[in-house]
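The structure appears below as structure tokens.
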Amino acid sequence: MFELGEGFNLCMYGYGSKRSLLMGFASHYHTQSDVPPKIIVVNGYTPGLTIRDVLATLAGQVVAKSTKLPTQPPALADLILSRISPSAQGQHITLLVHSLDHPNLRKHQAIFARLAAHPLISLIASVDNPNFALLWDLPLTRSFKFLYHDTTTFAPFTAELDVVEEVNALLGRSGRRLGGKDGVAYVLKSLPENARNLFRILVAEQLALVDAGGEVATDGTNGFGGSDDEDDDLLGAEDEEEALAQTTPSKRVRGRGRPAKKAKAKAAPRAVVTTSGEGVEYRTLYHKAVEEFVCSSELNFRTLLKEFHDHRMIESRKDALGTERLIVPFRREELEGILEELL
Numbered sequence: 056m057f058e059l060g061e062g063f064n065l066c067m068y069g070y071g072s073k074r075s076l077l078m079g080f081a082s083h084y085h086t087q088s089d090v091p092p093k094i095i096v097v098n099g100y101t102p103g104l105t106i107r108d109v110l111a112t113l114a115g116q117v118v119a120k121s122t123k124l125p126t127q128p129p130a131l132a133d134l135i136l137s138r139i140s141p142s143a144q145g146q147h148i149t150l151l152v153h154s155l156d157h158p159n160l161r162k163h164q165a166i167f168a169r170l171a172a173h174p175l176i177s178l179i180a181s182v183d184n185p186n187f188a189l190l191w192d193l194p195l196t197r198s199f200k201f202l203y204h205d206t207t208t209f210a211p212f213t214a215e216l217d218v219v220e221e222v223n224a225l226l227g228r229s230g231r232r233l234g235g236k237d238g239v240a241y242v243l244k245s246l247p248e249n250a251r252n253l254f255r256i257l258v259a260e261q262l263a264l265v266d267a268g269g270e271v272a273t274d275g276t277n278g279f280g281g282s283d284d285e286d287d288d289l290l291g292a293e294d295e296e297e298a299l300a301q302t303t304p305s306k307r308v309r310g311r312g313r314p315a316k317k318a319k320a321k322a323a324p325r326a327v328v329t330t331s332g333e334g335v336e337y338r339t340l341y342h343k344a345v346e347e348f349v350c351s352s353e354l355n356f357r358t359l360l361k362e363f364h365d366h367r368m369i370e371s372r373k374d375a376l377g378t379e380r381l382i383v384p385f386r387r388e389e390l391e392g393i394l395e396e397l398l
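Here it is, written out as structure tokens:
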């Protein structure tokens with residue numbers, strides 16, 4: 056508490072989960088302070104967490120609810136810092152960040168450093184990677200004003216570990232899921248420029264549909280989406296036998312004594328989650344790609360889509376009218392981050 060009062064920020068490092076330790080300290084700090092500070096807890100290990108989520112929560116404490124928040128994180132950080140006045144009483148904020156070095160937050164260390172440098176914002180952070188110091192250059196280190204404490208607890212990382220990743224590793228499926236938005240960026244770097252441009256068009260069109268309203272139900276995989284079964288509808292192929300079996304209530308008798316085909320096993324019902332947008336029509340995306348000279352023929356177009364499908368970066372669904380739609384199964388914030396990296 057003395058170190059925080061002197062204007063320093065705290066960084067807890069060492070092996071073991073530090074979540075319980077930091078939460079206990081936050082409770083003690085709140086009760087023992089003469090003027091109880093506003094404490095905002097950020098669980099950096101939460102899947103899908105974005106820097107805008109953090110800034111929006113922080114803005115809720117200092118910005119009027121009627122104020123329209125900027126969409127870009129740097130502009131939102133500027134707004135927050137401008138609204139925290141040194142002359143205001145009771146506006147001191149303590150930002151407690153679990154796993155500051157988590158992949159969700161690694162690319163946004165400059166924004167956290169700007170917040171930590173403000174005299175009315177105290178930062179208490181935990182880090183889990185032994186090489187965490189490599190994230191910061193000299194200017195960032197000065198802005199953070201950290202005092203480092205070895206808080207080795209040897210406690211298990213029960214909350215910090217991604218359970219889905221652990222289960223996939225046990226089942227030998229870790230290669231199927233590359234880590235969400237970061238995995239998409241990794242794959243796109245290895246693809247040719249026309250593939251990156253096509254994915255950019257798809258993401259931009261899906262975001263435009265989100266702005267117009269509408270959501271789609273996809274399977275419950277967290278990451279690139281898709282189930283273990285291949286979705287052949289991506290390239291326009293259909294299983295006519297399965298469709299006929301679903302629409303014909305009576306058993307069909309095959310002529311000339313040929314035995315009836317065995318009924319195909321029904322696919323297991325998929326868990327329904329909500330993702331951004333209703334999906335982009337196949338033909339709409341194709342015409343957009345041709346207009347921007349991304350591909351010269353439908354064969355090239357399908358080849359690029361097959362690459363995305365193999366890496367489980369997109370999904371293919373058919374709407375009530377039978378129109379094929381292509382979907383990037385991420386939240387709006389993640390789609391905006393992907394588009395920002397592609398521009």
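The sequence shown begins at 56 in this note's numbering and counts up by one.
Just so it is clear, CB atoms sit at the ideal spot from N, CA and C, and this is done for glycine as well.
Alpha carbon to alpha carbon, what distance is there between residue j and residue i?
{"i": "residue 372", "j": "residue 237", "result": "24 Å"}
{"i": "residue 177", "j": "residue 77", "result": "14 Å"}
{"i": "residue 124", "j": "residue 354", "result": "43 Å"}
{"i": "residue 80", "j": "residue 88", "result": "12 Å"}
{"i": "residue 155", "j": "residue 377", "result": "46 Å"}
{"i": "residue 132", "j": "residue 112", "result": "11 Å"}
{"i": "residue 75", "j": "residue 153", "result": "10 Å"}
{"i": "residue 147", "j": "residue 138", "result": "12 Å"}
{"i": "residue 193", "j": "residue 367", "result": "39 Å"}
{"i": "residue 59", "j": "residue 244", "result": "42 Å"}
{"i": "residue 206", "j": "residue 216", "result": "19 Å"}
{"i": "residue 248", "j": "residue 186", "result": "33 Å"}
{"i": "residue 357", "j": "residue 120", "result": "47 Å"}
{"i": "residue 69", "j": "residue 180", "result": "12 Å"}
{"i": "residue 242", "j": "residue 362", "result": "10 Å"}
{"i": "residue 261", "j": "residue 130", "result": "24 Å"}
{"i": "residue 151", "j": "residue 364", "result": "39 Å"}
{"i": "residue 107", "j": "residue 99", "result": "12 Å"}
{"i": "residue 330", "j": "residue 385", "result": "For residue 330, the predicted model reports a pLDDT of 46, less than 50, meaning its position is unreliable and no value from the coordinates is stated."}
What residue does the alpha helix (DSSP H) around residue i start on, and which one ends it?
{"i": "residue 180", "result": "Careful: residue 180 lies outside any alpha helix (DSSP H), inside the beta strand (DSSP E) at 176-181."}
{"i": "residue 361", "result": "353-365"}
{"i": "residue 58", "result": "57-60"}
{"i": "residue 131", "result": "128-138"}
{"i": "residue 392", "result": "387-397"}
Could you give the DSSP three-state label for residue i: helix, strand or coil?
{"i": "residue 83", "result": "helix"}
{"i": "residue 75", "result": "helix"}
{"i": "residue 237", "result": "helix"}
{"i": "residue 94", "result": "strand"}
{"i": "residue 170", "result": "helix"}
{"i": "residue 249", "result": "helix"}
{"i": "residue 212", "result": "coil"}
{"i": "residue 201", "result": "strand"}
{"i": "residue 153", "result": "strand"}
{"i": "residue 65", "result": "strand"}
{"i": "residue 380", "result": "strand"}
What are the boundary residues of the beta strand (DSSP E) that includes residue i?
{"i": "residue 110", "result": "Element bounds for residue 110: not the beta strand (DSSP E) but the alpha helix (DSSP H), 106-117."}
{"i": "residue 70", "result": "Here residue 70 belongs to no beta strand (DSSP E), and DSSP marks it neither H nor E."}
{"i": "residue 343", "result": "Here residue 343 belongs to no beta strand (DSSP E); instead the alpha helix (DSSP H) covers 337-346."}
{"i": "residue 371", "result": "370-373"}
With the cut-off set at 7 Å, would you say residue i and residue j are in Cβ contact?
{"i": "residue 334", "j": "residue 382", "result": "yes"}
{"i": "residue 64", "j": "residue 167", "result": "no"}
{"i": "residue 240", "j": "residue 198", "result": "no"}
{"i": "residue 83", "j": "residue 91", "result": "no"}
{"i": "residue 394", "j": "residue 265", "result": "no"}
{"i": "residue 396", "j": "residue 105", "result": "no"}
{"i": "residue 359", "j": "residue 253", "result": "yes"}
{"i": "residue 67", "j": "residue 204", "result": "yes"}
{"i": "residue 379", "j": "residue 337", "result": "yes"}
{"i": "residue 114", "j": "residue 135", "result": "yes"}
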